[in-house]
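Residue numbers (the UniProt record's numbering): 1 to 252.
This report concerns only the one structure given below.
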Amino acid sequence: MFQSIREVLKNVASSKVNKVDANLAEIIIRHADQNIFLRSKELAAKAFVSESSLTAFSKRIGYEGYREVYIRLMVESEYYNYFTNNESNKNEIVSKFDHNTFIDEIDAQFDKIQKIASNIKSKDKLFILSSYEVMHHGQLVANALWEDKQVYFSANRKTDRNFINKITNQDEVLVLLVGLDNGELFENLKTLDLNNINYDVIGSSSQTSKLIPNQDNTVLFLNKTVISNKKTRALIRNGQMNYTLTHLISLL
């Protein structure tokens, strides 16, 4: 199950089993609560440890390295609106017109949702690759379909690399592509392209524009909002993805 990195860090900070780990977790959380995300050099200096110690710490709590901890915490904090010191953009609202526009844009692509659903139903195996920001959506799709087919999904990018070369065109690949830090995900997609493997994508227009064009891939666009508040944008993307995946799962 996808686990909140903030909850992981809180558990480590309160456990006191490893004093160094507890101190690192406490420093990370304390700064994140102030909307400050410490890079490895900054954290190492504040905790009086080496950067290699941060890598070891990250691995002990279940991540590949401190960069993954940093990105996950930043994305999660933006998405769930953990911090409260937001004085800007207080008067910026999403109107009913804006909301309906987002929905209409997805409805206009309903044929793509139907095609993705058909592809999933016709294959025995489903591989789900996801950006960090919508990892919880990938988990929801996997949970909904596990009883009916073989579903492969992991919140760990290293695990993705382990199975990426095993995928064939007898399998369905669903990619959820939005937000930050998608370098590794694009590397995985590049591998699929080199192996001539087709995949279907639900993603933001800014990220899907970076894909190598392939007429055999179905790409559903979630159009970008002009709202300037980052947390509001993240919630809108969440609503767009929820609406799209609700339609998709209802067809399966």
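Glycine is no exception: its CB is placed at the ideal position from the N, C-alpha and C atoms.
If only uninterrupted beta strand (DSSP E) runs of at least 3 residues are considered, those enclosed by the segment 95-145 are 125-130. Taking 8 Å as the upper bound for CB-CB distance, VAL178 and LEU248 are not in contact here, some 16 Å apart. Residue state for ILE202 is assigned as strand, using DSSP reduced to three classes. In the DSSP assignment, PHE48 is bridged to no other residue. Assignment of VAL219 by DSSP, reduced to helix, strand and coil, places it in the strand class. Annotation: PHE186 is outside any beta strand (DSSP E); the continuous alpha helix (DSSP H) that includes it extends over 183-194.
By the criterion of at least three beta-carbon pairs nearer than 8 Å, the segment 198-211 is not in contact with the segment 149-165. Shown here, PHE37 sits in coil according to DSSP, grouped into three states, outside any helix or strand.
Taking the CA atoms as reference points, GLY239 sits about 13 Å from HIS136. Taking a cut-off of 8 Å on C-beta distances, the segment 124-134 touches the segment 179-189, as three or more cross pairs fall below it. Distance from the CA atom of LEU73 to the CA atom of ARG6, rounded to whole angstroms, is 7 Å.
Looking from the CA of SER122, the closest CA among ASN214, PHE102, GLN150 and SER15 belongs to GLN150. In this structure, ASN188 and ASP216 do not form a Cβ contact; the two beta carbons are roughly 18 Å apart against a cut-off of 8 Å. Checking the DSSP bridge columns, you'll see VAL173 partnered with PHE127. In this structure the segment 12-21 lies against the segment 56-66, because at least three pairs of beta carbons, one per stretch, are closer than 8 Å. Taken through DSSP and simplified to helix, strand or coil, VAL8 comes out as helix.
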